Every structure is written in structure tokens, then in C-alpha cells.
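I have placed the structure first, in the form of C-alpha cells, so that the comments after it can refer back to it.
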Ligand code: NCD
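In my numbering, the protein residues as written are 694 to 1042.
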């Protein structure tokens, strides 16, 4: 692994190594305090973030590395119309690794094609969020003892929730898991996640009641309805407030249930629920920092390699208006089996 764009890029051996390193760092963080001294990390956040950005910054500083970056696209040259490619080539001159969050689907893959330093996807629009998945897996593996044989419910905005897409794709690689997808008809998982589930052979069902299934679950992954991805306020309001985890619903759940949430949470989990010991989302955010330390510790020492990506001049690659190829017209048209490799949507026939 050189860049982390999708959890798929890690073999299960690499996952084990990363997880074991995370545990070692958690046991003795002081032993790693200077391990990345002299290195510099660039955090390019074109979308709002609290946990991901601050935990990456904390992770870098706790390894003895330093951080530069921006947390608002309006304060970067993107506001002047600079291409993603130029921004990456420039920033890579200054830093040893880049962490990027961008609203365009496929932006991290696109950026990695021009990056001589390791590049980490911290969220590309409604597509993927692999480092949240690392945090989720570390929480489950540590507290449940394994990543296999769980009944996992995912509830809320399964269409636009990038953490859901990455987590489903990742957990379906570990045997014996069953998925219960809880959403409205409008907010079901996209086709590329469905294809990954089907290819893995994992069992899954789709339902529209949390109450009806909560008693069956070992893990419940709640998510926020992603307001910023809706075409209008009215469209958002039709979907908001439908799935709410409150004490009466939790009473129907197993004592061994683990409730996760990538956060931020709004009204989908009521405040009284936070003190229930089954709720592990604050711990999950803490695992997130330690596993990001392990990731930076692994990627920061890699040597620079200047990619030789050619520039294209083309009309379109795919017809997804949120795909990076709709904005950055010079990108190579990467496709496979009728799908766009940037955003994973089906290509027009
Ligand atoms: C998530 C994200 O940005 O996708 N937040 C996070 O990174 N933990 C979830 C969300 O915004 O709902």
C-alpha cells in the first residue's frame, strides 16, 4: 500500500499489521513520540470536519511530525479555480504525506495519480471514507474480539453515507457476517456497494424498521442523514427524523449489542442513550486517532515517487455529476467492467 484510497487496497495481512501496530501504540504511546520527527503532513480539507481532521493532526503531532494545511476550500487556491492536480503537485513539494477530504466523488484517487507522496482519502463526497472504517474495525476487533460472525445493522442514510459504503465493503471481506440494512426506500445503498456485498457472498437483508430488527443485532451502526448531499431542503426534510435510537428501542436490544456511529450525531440518537454502556461511539473516535497514528507511521517513511500520469483532453468519463471527472477534465478515463473507477458508478450505455 502506498496511498489509502479504499480499504480494498489493504490485504488482510496488512490490516493485521496495522491493527497490531495500533494496539502497540495504545499500550505505550510514548515509545512512538519521536518516531516521525522531521516529517511533515499536509491536511487538505475542502469540506467541514472535526474528528477526522483533528485526529489526523493529533496523530501526526503525537508521532513527532508536524502539520500544515487548510480546513476551508475558500481559503485555498481552489477558490481561484486551481486544478486539483496542480494543488497536489505543489503541496507534495512541501510535505511527506497528504490527507485529503474533498466533495467530489473519486477526488482522492484522482489526486493520488499526481502525488509523489503517500495520499490518504479522508472522505471523497458521498463515496468512501476508509480511515473511518479503520476506526470502526479497530473498535469492533478490540471490543468484540473479532471481525467475523456478527449480525451488523446499518441504519440511516445508506445512500449518501460514505462511512457506510467503506465499512460494508470492508466487513464483507471478513467471513460469517450478516448485514441488516435499515433505511427508507430512497436512502438504500448504491449499486457499487451492493455489487461488493454480492461478490463477497455475505448475507444481507433490507428493511425499513429499526424496532423490528434491533433485537437480532450484535452491532448497530447509526448514521446521520447527510443533509449536504440532498438536492433541496424539502427533499432532506422528507428523510430526516425517521430513525431514532432512544431508550425504549434500546430496551429491545441484546445486552451485548454494540452501538457505533461515525459522528457527528444529530437527532438519530437521543442524549439519554449516551450513558448506556452499549454505546461505544466516543471510544470509536479515540480508536480513530490511534489507528491514524499507525497509518501515518507506516506511510510517512515511504520514498517519494513521481507518478507519470498523462494528461487527457476529453469530454466525459461518466455521467455522475458529482464525479471528479465532471470537474477535472484532464483526468485519464479509468474504467472497468462498465463502471467508472473514480466514483464506481455505472457508465452510460
Ligand atoms: C463522517 C463523514 O464525514 O463522512 N464523519 C466522520 O468523518 N467521522 C460522517 C458524517 O459526516 O455523517
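Just so you know, even glycine gets a beta-carbon here, dropped at the ideal spot from N, CA and C. Here the structure is a predicted model, which means the values were calculated and not measured.
So is the beta-carbon of residue i under 7 angstroms away from any non-hydrogen atom of the ligand NCD?
{"i": "residue 992", "result": "no"}
{"i": "residue 1041", "result": "no"}
{"i": "residue 953", "result": "no"}
{"i": "residue 744", "result": "yes"}
{"i": "residue 856", "result": "yes"}
{"i": "residue 750", "result": "no"}
{"i": "residue 822", "result": "yes"}
{"i": "residue 816", "result": "yes"}
{"i": "residue 826", "result": "no"}
{"i": "residue 916", "result": "yes"}
{"i": "residue 919", "result": "yes"}
{"i": "residue 957", "result": "yes"}
Going by C-alpha to C-alpha distance, which of the options sits closest to residue i?
{"i": "residue 820", "options": "937, 927, 859", "result": "859"}
{"i": "residue 1029", "options": "1023, 1040, 1019", "result": "1040"}
{"i": "residue 824", "options": "929, 867, 708", "result": "708"}
{"i": "residue 950", "options": "929, 1009, 811, 973", "result": "973"}
{"i": "residue 936", "options": "762, 776, 992, 878", "result": "878"}
{"i": "residue 801", "options": "756, 700, 849", "result": "700"}
{"i": "residue 737", "options": "722, 964, 730, 746", "result": "746"}
{"i": "residue 1010", "options": "773, 749, 1027, 1000", "result": "1027"}
{"i": "residue 784", "options": "761, 797, 1005", "result": "761"}
{"i": "residue 909", "options": "778, 893, 870, 813", "result": "870"}
{"i": "residue 880", "options": "833, 929, 868", "result": "929"}
{"i": "residue 996", "options": "732, 718, 722, 721", "result": "732"}
{"i": "residue 1005", "options": "1023, 813, 1016", "result": "1023"}
{"i": "residue 886", "options": "778, 901, 868, 855", "result": "855"}
{"i": "residue 831", "options": "1032, 1016, 981", "result": "981"}
{"i": "residue 977", "options": "998, 920, 1014, 837", "result": "837"}
Taking all protein chains shown into account, decide if residue i is buried (16 or more other Cβ within 10 angstroms of its Cβ) or exposed.
{"i": "residue 959", "result": "exposed"}
{"i": "residue 1042", "result": "exposed"}
{"i": "residue 938", "result": "buried"}
{"i": "residue 787", "result": "exposed"}
{"i": "residue 985", "result": "buried"}
{"i": "residue 1008", "result": "exposed"}
{"i": "residue 905", "result": "exposed"}
{"i": "residue 853", "result": "buried"}
{"i": "residue 931", "result": "exposed"}
{"i": "residue 898", "result": "exposed"}
{"i": "residue 944", "result": "exposed"}
{"i": "residue 643", "result": "No answer is possible for residue 643: the residues shown for the chain start at 694 and end at 1042."}
{"i": "residue 862", "result": "buried"}
{"i": "residue 975", "result": "exposed"}
{"i": "residue 1038", "result": "buried"}
{"i": "residue 895", "result": "buried"}
Determine whether the beta carbon atoms of residue i and residue j lie at a separation below 8 angstroms.
{"i": "residue 803", "j": "residue 1021", "result": "yes"}
{"i": "residue 816", "j": "residue 1036", "result": "no"}
{"i": "residue 790", "j": "residue 734", "result": "yes"}
{"i": "residue 966", "j": "residue 914", "result": "no"}
{"i": "residue 907", "j": "residue 843", "result": "no"}
{"i": "residue 988", "j": "residue 827", "result": "yes"}
{"i": "residue 780", "j": "residue 770", "result": "yes"}
{"i": "residue 739", "j": "residue 795", "result": "yes"}
{"i": "residue 805", "j": "residue 698", "result": "yes"}
{"i": "residue 957", "j": "residue 922", "result": "no"}
{"i": "residue 942", "j": "residue 903", "result": "yes"}
{"i": "residue 990", "j": "residue 714", "result": "yes"}
{"i": "residue 725", "j": "residue 756", "result": "yes"}
{"i": "residue 872", "j": "residue 890", "result": "yes"}
{"i": "residue 970", "j": "residue 1003", "result": "no"}
{"i": "residue 882", "j": "residue 848", "result": "no"}
{"i": "residue 809", "j": "residue 994", "result": "no"}
{"i": "residue 893", "j": "residue 866", "result": "yes"}
query = If you scan the stretch 938-1002 from start to end, which runs of the alpha helix (DSSP H) of 4 or more residues do you find wholly inside it?
reply = 940-944, 974-992
message = Going residue by residue through the stretch 854-909, where are the continuous alpha helix (DSSP H) segments of at least 4 residues, counting only ones entirely within it?
response = 855-864, 884-893, 903-906
query = Which ranges does the beta strand (DSSP E) cover as unbroken runs of at least 3 residues, wholly within the stretch 715-761, from first to last along the chain?
reply = 733-738
task = Could you tell me which uninterrupted beta strand (DSSP E) segments, each at least 3 residues in length, are contained entirely in the stretch 756-801, listed from first to last along the chain?
result = 759-763, 790-795
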